[in-house]
Amino acid sequence: MLVVVCVKQVPDTTQVQIDPVTNTLIREGVPFIVNPYDTHAVEEGLRLKDRFGFKVVALSMGPPNAEATLRKALSLGVDRAILLSDRAFGGADTLATSKVLSAAIARLAKDEEVGVVICGKQTIDGDTAQVGPGIATRLHCSQLTLVDRVEDLDPSVRKIRVRRKLEGRHEEVEAPLPVLLTVVRELNRPRYPSVPMRLASEEAAVEVWDNKVLELDPNGIGLKGSPTWVSRIFSPERAKGEILGDGARDPEAAAEILISKMLEKDLLAL
Amino acid sequence: MIPHYTLFTPLLIASLAFFGWSVYRRFSLLALGQPEQRLDRPFDRLKEMLLYAFAQMRVVKKPFGFNHLVIFWSFLILMLANGEFMVSGVIPSLNFGLLPEGVHRALLLAFDIVSLLTLVAIAVSVGRRLFVRPSYLDTAYVKGISADAFLILSFIALLMVAYFGMHGGLIAQGNDPAAAAMPVSSFVAGMLPSDPATLSAIFGFFWWLHALVLLAFLCFLPHSKHMHILTAIPNCYLASLEWPNTQPREKFAKGEVYGVGRVDRFSWKDLLDTYSCTECGRCQAACPATATGKPLNPRQIVHAIKTNLLENGLAIKEGKAPTVPLIGPEGEGTNTEDAIWSCTTCGACLQACPVLIEQMPKIIKMRRHLVENEARFPEELLNLFENMEQRSNPWGIAPAERSKWVSTMQVKTFEKGETEYLLYVGCAGSFDSRAKQVTVALATVLNAAGVSWGILGKDEKCCGDSLRRLGNEYLFDKMARENVELFRERGVTKVITLCPHCLTTLKNDYRQFGLELEVVHQSELVAKLLADGKLNLPRKELGLGKISYHDPCYLGRHNGIYDAPREVVAKATGSAVQELPRHRENSFCCGAGGGRMWMEEFTGERVNHARVEEALAENPDTICVACPYCMTMMEDGLKDKGAGQVRVRDVVEVVAEGLRPL
Chain A
-17 MLVVVCVKQV
-7 PDTTQVQIDP
3 VTNTLIREGV
13 PFIVNPYDTH
23 AVEEGLRLKD
33 RFGFKVVALS
43 MGPPNAEATL
53 RKALSLGVDR
63 AILLSDRAFG
73 GADTLATSKV
83 LSAAIARLAK
93 DEEVGVVICG
103 KQTIDGDTAQ
113 VGPGIATRLH
123 CSQLTLVDRV
133 EDLDPSVRKI
143 RVRRKLEGRH
153 EEVEAPLPVL
163 LTVVRELNRP
173 RYPSVPMRLA
183 SEEAAVEVWD
193 NKVLELDPNG
203 IGLKGSPTWV
213 SRIFSPERAK
223 GEILGDGARD
233 PEAAAEILIS
243 KMLEKDLLAL
Chain B
125 MIPHYTLFTP
135 LLIASLAFFG
145 WSVYRRFSLL
155 ALGQPEQRLD
165 RPFDRLKEML
175 LYAFAQMRVV
185 KKPFGFNHLV
195 IFWSFLILML
205 ANGEFMVSGV
215 IPSLNFGLLP
225 EGVHRALLLA
235 FDIVSLLTLV
245 AIAVSVGRRL
255 FVRPSYLDTA
265 YVKGISADAF
275 LILSFIALLM
285 VAYFGMHGGL
295 IAQGNDPAAA
305 AMPVSSFVAG
315 MLPSDPATLS
325 AIFGFFWWLH
335 ALVLLAFLCF
345 LPHSKHMHIL
355 TAIPNCYLAS
365 LEWPNTQPRE
375 KFAKGEVYGV
385 GRVDRFSWKD
395 LLDTYSCTEC
405 GRCQAACPAT
415 ATGKPLNPRQ
425 IVHAIKTNLL
435 ENGLAIKEGK
445 APTVPLIGPE
455 GEGTNTEDAI
465 WSCTTCGACL
475 QACPVLIEQM
485 PKIIKMRRHL
495 VENEARFPEE
505 LLNLFENMEQ
515 RSNPWGIAPA
525 ERSKWVSTMQ
535 VKTFEKGETE
545 YLLYVGCAGS
555 FDSRAKQVTV
565 ALATVLNAAG
575 VSWGILGKDE
585 KCCGDSLRRL
595 GNEYLFDKMA
605 RENVELFRER
615 GVTKVITLCP
625 HCLTTLKNDY
635 RQFGLELEVV
645 HQSELVAKLL
655 ADGKLNLPRK
665 ELGLGKISYH
675 DPCYLGRHNG
685 IYDAPREVVA
695 KATGSAVQEL
705 PRHRENSFCC
715 GAGGGRMWME
725 EFTGERVNHA
735 RVEEALAENP
745 DTICVACPYC
755 MTMMEDGLKD
765 KGAGQVRVRD
775 VVEVVAEGLR
785 PL
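This is the structure in structure tokens:
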């Protein structure tokens, strides 16, 4: 049985700044990282491998340099890494992305049964949380989102029971395999690559699948197959609040203004 | 005249054979260790050996050490007497009587006096172990070692008693022409009966006592901690000449193993170290982890490695798997992971060991195994490692924020030819809000003295200190190579560091990467600026009150910088700092070194609490430090102890304060 883990290379958003003039993301020089939620997805895949001996395949759609993300997964112990890379896939929204990913998973399932697909709950660049459910829809399998604990998996009866982390409560649900999980960070603590594994992953082959392999209709994927268009990125206007004094140059004066303001509004008792 | 030598000869041969076989067995196990160059620079090594083995510089640092010095030198002198005893026991005509009369008498006089001194020293040793036993002689793990010590002490005492009995007997019989050269033996002779038959029996008894104790000693020696008699002197010769004791680089390639997970992965010198330990407990007494109830005891680490080698040595020699794990659950011959992670790498053990055993580097080697081969480490470190790899700082803050502290002043970017010094701010000085104040203070002082300096700004990267001490050599190696390349590219040759950890890494560790920089710690440079009259401090009344100075381990012990920070404070305030009970090379760690800054302390007392309590007992108004980690640990410790009124200042902040116009 295969476990497929979907990973994405994302810009390190803590290092992304927004150009105050053009209101666009300054992407230059921003390093790429593995989407943090996906590191938990990989870990869970590896735990299933440790427990049941499943083979783990890491899947990523992206430009050729996204290979680094897959190598990281290889260094942690995934058995196979496949990069879905084709100019035709470029510019995709969540719909087009989930089409490509689900086609790749279906393609894998031709050779060996795919029991579990694991995705991070969302990516930190797009923040839509739509791709995981989109894949499940296209694979016609159950989707269990926001998983923070895998309670039980029984391959003999082909069932999985997980706990979902919802607002203010938890929910325990069960589903038949195959299943797609999207996972939150509380699920597990990712492992760290050993040096021998890192070195091995540097030499390991990352398979690249383009659209010749997937044979998807070019009009249904990439930019052409994406109904969502980003028209503008901007920082929200500050609705409330004001900057008091110049804290960087004269912190004492700024503190004084702050205190007098707070006294004025009766927020401080003297 | 020598009785029963027909019986003595086979006994001697058997004992020597047993001794030789035992020593060979132990020494042959050293060959299992990895190669390490320790035979270079013979003259420097000879000097170390003379200073530490023969003059026992470290031994005599504790009051009872003098006692050991007496025993050591007596032992050397009496080796001649015992050598003669054994030779003439086999061939009676071969003895010191063959030497010129004067030499012979001088030797007898020396033996006589030295034997008495030894007897006194042994009595003192026994008294110490019985009545004024220091706590560091005990450990929770090492059992029965004191029995060992008492056995050896009684062997030596018996040897001396037998020596006097034997010679007293001879003299009393009136047939020793050299009696005048042996005042102590003559005194003993005076107490003996005059009956010749009894005297002959007395002589015979003590001769055999001497013979049997000597042979028993010989047989016992290689099987006890007293093996150090054979190994301590060579151990001092073979000691590391590198100070600070920097970890060696590793080669990263397929098929390599990293660090030490099995006893034969240690170097042969590491293994020899364990034979040289006589369990004196000084490392244990100096160790901040041990002192605060952590599972680490440097003496136990050394002992466990020795036990492990003796247990597994034969199996490993035969190519079989070891039966006792080197790292694993608590047990004889095994180090626990908790112990290995408790080390602050403060170097107090290295400083304390009388025979220059290198405890801390062994711990780092085992950390390397855990991190690099096993990827197993305390969970707090995962974030640290990821942050270092992704954002080149321990907190994972965006590198673009490195130069945020600059917002309050004009700071140049380092340009070769334009600026003399690179101010390597370091991660704490760039991101930690308290340390940033120190950075600003330093920048102000440098500007006031007219120093030409610049920074790398957002291009600066972490030096990797914590990674190296934590055993993540793979990542450290990568970061060090990047930094070395960056420094070369920018033409950096002279560096000022704010932090002693950056100092040691840039100055000592990067040398292994082919980069020789002139690196100064800010306190050294500021001390020089003050001495050269480059800084005019209008303000002398700083309101800091009584100032104590805490020596940061990586500034003091690791880099020998003790005076500069003290001079800085003295010049800026007009009075010398008040010394803490443990200061300079005996300073007690703040608890943050060796990557412990990024880890929790789950067991025992917090190291910073112990240090703060020690400081508070001196009633300081201000504690001065010269390291951002010490700053954090001291401030936190003071808050926890409800002593928030005591200020913590970096030494350069004291100077910056003095710069403010009146």
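Quick note, the sequences are listed as chains A and B, same order.
Just so we're aligned, residue -17 is where the first sequence starts under the numbering used here, counting upward by one.
Just so we're aligned, residue 125 is where the second sequence starts under the numbering used here, counting upward by one.
We put the beta carbon where it would ideally sit given N, CA and C, even for glycine.
In chain A, which residues lie with their C-beta within 7 Å of the C-beta of B:Thr532?
-> Ala230, Arg231
Any idea which residues DSSP pairs A:Pro158 with across the strands?
-> A:Lys141
Leaving out five residues on either side along the sequence, give the residues of the same chain with a beta carbon under 6 Å from the beta carbon of A:Tyr19.
-> Gly102, Lys103
Listing by chain order, which chain B residues have their CB less than 7 Å from the CB of A:Ser176?
-> Glu496, Asn497, Glu498, Ala499
With a CB to CB cut of under 6 Å and the five nearest residues on each side skipped, what residues in its chain are close to B:Arg389?
-> none
Top-ranked residue by Cα proximity to A:Val(-2), from B:Ser348, B:Glu525, B:Ala234 | B:Glu525
Own chain partners of B:Ser647 with C-beta closer than 6 Å, once the 5 adjacent residues on each side are dropped = Ala688, Pro689, Val692, Ala750, Val775
Would you mind stating whether A:Lys141 and A:Glu156 have Cβ atoms separated by less than 8 Å?
-> yes
Just the chain A side, please: which residues come within less than 9 Å of B:Glu503 by C-beta, in chain order?
-> Arg171
With 7 Å as the limit, tell me which residues of the stretch 91 to 122 of chain A have their beta carbon closer than that to any beta carbon of chain B; keep them in chain order.
-> none
Do you know how far the Cα of B:Ala700 is from the Cα of B:Arg784?
-> 21 Å
Secondary structure of B:Leu704, DSSP reduced to three states | coil
Expressed to the nearest angstrom, what Euclidean distance is found between the alpha-carbon atoms of B:His787 and B:Thr469?
-> Nothing about residue 787 of chain B can be reported from this structure: the residues present for chain B run from 125 to 786 only.
Starting from the beta carbon of A:Gln(-3), find every residue of chain B whose beta carbon is closer than 8 Å, and list them in chain order.
-> Arg515, Ala522, Pro523, Ala524
Identify the residues that DSSP records as bridge partners of A:Ala85: which are they?
-> According to DSSP, A:Ala85 bridges with nothing at all.
Roughly how many whole angstroms lie between the Cα atoms of B:Asn683 and B:Gly417?
-> 28 Å
Sequence-distant residues of the same chain with beta carbon closer than 7 Å to B:Glu513, five excluded per side | Leu599
Closest Cβ-Cβ distance between B:Asn506 and chain A: below 8 Å?
-> According to the sequence provided, residue 506 of chain B is Leu. The question's Asn does not apply to it. Yes, contact with chain A.
Measuring CB to CB, does B:Val426 end up less than 8 Å from B:His493?
-> no
Go ahead and pull the three-state DSSP assignment for B:Lys430.
-> helix
Residues of chain A with CB under 8 Å from B:Lys378, in chain order?
-> Pro178, Leu181, Ala182, Glu185
Contacts of A:Ile225 in chain B (Cβ-Cβ under 9 Å) | The contacting residues do not exist; A:Ile225 stays about 14 Å from chain B at best.
Cβ distance (whole Å) where B:Cys360 is taken to contact B:Val479 below 8 Å = 6 Å
From the beta carbon of A:Ile15, is the nearest beta carbon of chain B less than 8 Å away?
-> yes
Is it the case that the Cβ atoms of B:Arg735 and B:Cys748 are separated by a distance below 8 Å?
-> no
Which residues DSSP lists as bridging B:Thr469, in chain order | DSSP output for B:Thr469 lists no bridge partner at all.
Who are the near neighbours of A:Asp(-6) in its chain, counting only those whose CB is closer than 8 Å to its CB and skipping five residues on each side?
-> Val12, Pro13, Phe14, Ile15
Sorted by chain position, which residues of the same chain lie with C-beta nearer than 8 Å to B:Pro320's C-beta, five sequence neighbours on each side aside?
-> Gln297
Grouping DSSP H, G and I as helix and E and B as strand, with all else coil, what is A:Arg151?
-> strand
Can you tell me whether DSSP reads B:Cys551 as helix, strand or coil?
-> helix
Proximity to A:Ser254 [Cα-Cα], best of A:Leu83, A:His22, A:Phe34 | Here chain A covers residues -17 to 252 and nothing more, so residue 254 of chain A does not appear.
Can you grab the Cα-Cα spacing for the pair B:Met125 / B:Arg149, in whole Å?
-> Confidence at B:Met125 is low in this model, with a pLDDT of 46, below 50, so its placement is unreliable and no value can be given for it.
Can you tell me which of B:Thr628, B:Gly761, B:Ala572 puts its alpha carbon nearest to the alpha carbon of B:Glu781?
-> B:Ala572
Is the number of C-beta pairs between the stretch 172 to 183 of chain A and the stretch 32 to 46 of chain A that are closer than 8 Å three or more?
-> no
Closest to B:Pro449 by CA distance: which of B:Ala439, B:Asn432, B:Gly437, B:Val778 is it?
-> B:Asn432
Show which residues of chain B have a CB atom less than 9 Å away from the CB atom of A:Asp(-6).
-> Gln514, Arg515, Ala522
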